[in-house]
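Engineer: Would you mind keeping the following structure in view while I ask a few things?
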Amino acid sequence: MSASGPVPTTSPAAGRAVFASPFQRLNDLVAGIQPGKPPIVMAVGEPRHPVPGFVGPVLAGEIDGFGRYPAIKGTDAFRAAVAGWLGRRYGIEGRIDPATMVLPLNGSREGLFFAALEARMSTAKSVPNPAILVPNPFYQAYAAGCVAAGCEPVLVAAGAATGFLPDPDALDPALLARTVAMFFASPANPQGAVVSREGWQSLIELARRHDFVLLADECYSEIYRDRPPAGVLEAAAAMDGGFDRVVAFNSLSKRSNLPGLRCGFAAGDPAFLQRWAAFRNMAAPQVPNPVQAVAVAALADEVHVIENRRLYNAKYEAAERILGPRFGAVTPPGGFFLWLDVGHLAADGRDGGENAALALWREAGVRTVPGGYLAAAGPDGRNPGADFLRVAMVDDLALTEEGLRRIAAVLAPPGHPSE
Ligand SMILES: Cc1ncc(COP(=O)(O)O)c(C=O)c1O
C-alpha cells in the first residue's frame with residue numbers, strides 16, 4: 099500500500115509554492131556553477147529525433163489554412179484519423195465515434211490542464227473541498243490544473259513500493275467521496291512504469307463507483323521496449339458501460355518527434371467531451387487546420403514510429419552496458435527516461451537526486467533533474483522522488499552514450515559505494 103493523502107495546497111498561492119517548476123528549481127540549484135565539460139542537456143523530455151519527412155510538404159500544401167480560424171472540435175479528417183488510429187492501435191475498430199468522442203488539443207499539456215477545470219465544473223458532487231488525485235511524482239500540468247480549478251491536489255505515492263504506479267487500493271473512501279478526477283499516466287513520467295489492462299479496468303471501476311472522471315495520460319504510449327502498453331480505451335471497451343468517465347490524452351510530441359507542432363487529442367467519454375468542447379470553445383487554444391493535416395498524415399504512418407522506438411531502444415541498450423544495475427533497474431517498459439536510484443548520495447542536507455545533479459553538472463557538464471523536483475512530499479513527509487535522478491535520453495545515440503559515460507565516471511567511479 100502506498101502512502102496517499104492531502105498536501106497543504108488549499109489556496110492557489112500555496113499551490114504555486116509547492117508545485118514550483120522543476121526546471122526553475124534546477125536552474126537555482128546550479129546557479130553560478132560552471133559546467134565541468136561542454137554541456138550535455140539530459141534534463142528536458144524534449145524528443146530530438148528527426149522530424150518526419152512528410153511534415154514540411156503537408157504543411158506547405160495546407161498553407162492557406164492559416165488564413166482561417168480553426169474550429170474547436172477540429173476537422174472531420176482529424177477526428178476520423180484519431181478514431182482510426184485508436185481503433186488500429188488498441189484493437190477497438192469502430193468503437194470510437196469521431197463525431198462525439200474525439201477533440202483536438204494544442205498538445206496534451208493544455209488538455210490535461212483544462213480537463214481539471216471541466217471535471218470541477220461538471221461534477222455532480224457538492225462538496226466543499228473537491229479533490230483531484232495526482233500521481234507522485236507527477237507532470238506539473240496536473241497540479242497546475244488542480245490549483246486553477248480550486249481543487250485540492252491529493253498526491254498518491256508512485257514509488258518503488260507500489261511498482262512506480264499509484265496504488266488505487268490504498269485510497270481512503272472519505273477521500274474518494276470528494277474526488278472529482280484522477281490523473282493517471284501510463285507509461286509514467288519519470289518512472290516509465292506501465293499499467294496492465296486489468297489495472298486500467300480497476301481504475302475505471304473505481305471512477306464509476308465513486309463518480310469521478312479518469313484522466314489517462316498516454317502521451318508516451320508509443321515509446322515502449324517490446325510490448326505495446328495497454329490503453330485505457332481498450333480496457334473500457336472490454337467492459338460494460340462504454341467509455342463513461344474515461345478520457346485518454348495523447349499527442350504527436352513523443353510518438354512522431356513533433357513537440358513543437360503542438361498537436362494532441364483527447365478521446366473517450368462523449369458526454370464529458372461535448373460539455374468540455376462547449377467550455378473550450380470560449381477559452382482553450384484551437385489547433386490550426388494545417389497542423390491537423392500534419393497529424394492526419396502522421397497518424398496514418400507507423401514507419402517513423404517504429405524507427406523512433408528503435409532509436410530509443412538502442413539507447414537503453416547503451417545505458418545497460420554503461421551504467422549496469424548500479425542504480426537499480428535501468429530499463430523501464432516505457433518512456434525515454436532513466437530513473438536512477440541515487441539515494442546513497444544524500445548528504446549535507448541535500449537528497450541523493452540533488453547531489454547527483456550537482457556533481458554531474460559541476461564535474462561533467464551533464465544536466466539532469468533531481469527526482470525530488472518532479473514530486474512533492476506526501477502526508478508522511480517523504481518525497482518519493484528524493485532518492486532518484488531523471489535522465490532524459492532524447493539526443494542521438496552518440497551524444498547519449500557520451501552523457502552516460504560521464505554519468506558513470508562521476509557517480510560510479512571504481513570503488514564507489516554504488517559498486
Ligand atoms: C507525462 C506527460 N504528459 C503530458 C506531456 C505533454 O506533452 P505535449 O503537450 O507535448 O503533448 C508531457 C510532456 O513532456 C509529459 O511528460
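The end of the sequence shown is residue 517 by the numbering used here, with every number in the run present. By construction, the Cβ of each residue, glycine as well, lies at the ideal position given by its N, Cα and C atoms.
Please report how far the alpha carbon of Asn453 lies from the alpha carbon of Ala445, in whole angstroms.
Structural biologist: The alpha-carbon atoms of Asn453 and Ala445 are separated by roughly 8 Å.
Engineer: In or out: Asp493 buried (at least 16 other Cβ within 10 Å) or exposed?
Structural biologist: When all chains shown are included, Asp493 counts as buried.
Engineer: Please report the straight-line C-alpha distance between Leu203 and Ala334, rounded to a whole angstrom.
Structural biologist: Distance between the alpha carbons of Leu203 and Ala334 is about 22 Å.
Engineer: In terms of residue numbering, what span does the alpha helix (DSSP H) encompassing Glu405 cover?
Structural biologist: It spans 401–421 - the alpha helix (DSSP H) in which Glu405 sits, taken as one unbroken run.
Engineer: Under 7 Å Cβ to Cβ from Phe164, same chain only, skipping five residues before and after it: list those, please.
Structural biologist: Taken in chain order, the residues that qualify are Pro386, Pro388.
Engineer: Are the C-beta atoms of Ala178 and some chain C residue less than 9 Å apart?
Structural biologist: Here chain C cannot be found, since the structure has a single protein chain.
Engineer: Taking 9 Å as the cut-off, decide whether the C-beta atoms of Phe310 and Thr221 are in contact.
Structural biologist: Contact flag set, yes.
Engineer: Measure the alpha-carbon distance for Gln384 versus Arg378 and round it to whole angstroms.
Structural biologist: Near 9 Å, if we compare the C-alpha coordinates of Arg378 and Gln384.
Engineer: Within 10 angstroms of the Cβ of Asp485, are there 16 or more other Cβ atoms? Answer buried if so, exposed if not.
Structural biologist: Asp485 comes out buried.
Engineer: From Asp342 to Arg465, what does the alpha carbon distance come to, in whole angstroms?
Structural biologist: Rounded to the nearest angstrom, the two C-alpha atoms are 42 Å apart.
Engineer: Among residues of its own chain, excluding the 5 on either side of Tyr471, which ones have a beta-carbon nearer than 6 Å to its beta-carbon?
Structural biologist: Same-chain partners within the cutoff: Pro120, Arg123.
Engineer: Quick check on DSSP: helix, strand or coil for Ile131?
Structural biologist: In this structure, Ile131 counts as coil in the three-state DSSP scheme.
Engineer: With a 10 Å radius around its C-beta and 16 neighbouring C-beta atoms as the bar for buried, classify Asp150 as buried or exposed.
Structural biologist: First, the residue type needs correcting, since residue 150 is Pro and not Asp in the sequence shown. By the 10 Å Cβ count, Pro150 comes out buried.
Engineer: Over what stretch of residues does the beta strand (DSSP E) that includes Pro202 continue unbroken?
Structural biologist: That run of the beta strand (DSSP E) goes 200–203.
Engineer: Use the C-beta contact count for Ala346: other C-beta atoms within 10 angstroms, 16 or more gives buried, fewer gives exposed.
Structural biologist: Burial call: buried.
Engineer: Alpha carbon to alpha carbon, how far is Pro423 from Glu415?
Structural biologist: Rounded to whole angstroms, Pro423 to Glu415 spans 12 Å at the Cα level.
Engineer: So is Gly501 buried or exposed if we call it buried at 16+ other beta carbons inside 10 Å?
Structural biologist: Gly501 comes out buried.
Engineer: Count the C-beta pairs between the stretch 192–209 and the stretch 169–176 that are closer than 8 Å, then say yes if the count reaches three, no if not.
Structural biologist: They touch, by the three-pair rule.
Engineer: At a cut of 8 Å, does the stretch 273–289 reach the stretch 223–241 through at least three beta carbon pairs?
Structural biologist: Output reads yes: the stretch 223–241 touches the stretch 273–289.
Engineer: Going by the beta-carbon positions, is the gap between Glu332 and Ser284 smaller than 9 Å?
Structural biologist: Contact flag unset, no.
Engineer: Between Leu438, Pro430, Ile302, Gln132, which lies nearest to Ala291 when the distance is taken from Cα to Cα?
Structural biologist: The option with the nearest alpha carbon to Ala291 is Pro430.
Engineer: Can you list, in chain order, the residues of its chain with a C-beta nearer than 8 Å to that of Ser294? Leave out the 5 residues immediately preceding and following it.
Structural biologist: For Ser294, where only same-chain residues beyond five positions count, the Cβ hits under 8 Å are Ala328.
Engineer: I want to check one thing, is the minimum distance from the CB of Pro357 to the heavy atoms of ligand 1 below 8 Å?
Structural biologist: For ligand 1, at least one heavy atom lies less than 8 Å from the Cβ of Pro357.
Engineer: If you reduce the DSSP assignment to three classes, tell me which class Tyr237 lands in.
Structural biologist: Tyr237 falls in the coil class under three-state DSSP.
Engineer: At what residue ranges does the stretch 313–374 contain a whole run of the beta strand (DSSP E), taking only runs of 3 or more?
Structural biologist: DSSP runs (the beta strand (DSSP E)) wholly in the stretch 313–374: 344–349, 362–366.
Engineer: State the beta-bridge partners of Ala439 as determined by DSSP.
Structural biologist: Note that residue 439 is Asp in the sequence shown, not Ala. Partner(s): Phe486.
Engineer: Ala118 and Leu253: beta carbons closer than 9 Å?
Structural biologist: Taking 9 Å as the Cβ cut-off, Ala118 and Leu253 do not qualify as a contacting pair.
Engineer: With distances taken Cα to Cα, identify the nearest neighbour of Ile302 among Asp324, Arg448, Ala336.
Structural biologist: It is Ala336 whose Cα lies nearest to the Cα of Ile302.
Engineer: Return yes when at least one heavy atom of ligand 1 lies under 8 Å from the C-beta of Asn234, else no.
Structural biologist: No, Cβ of Asn234 sits at least 8 Å from all heavy atoms of ligand 1.
Engineer: Tell me whether Arg503 sits in a helix, a strand or coil according to DSSP, three-state version.
Structural biologist: In this structure, Arg503 counts as helix in the three-state DSSP scheme.
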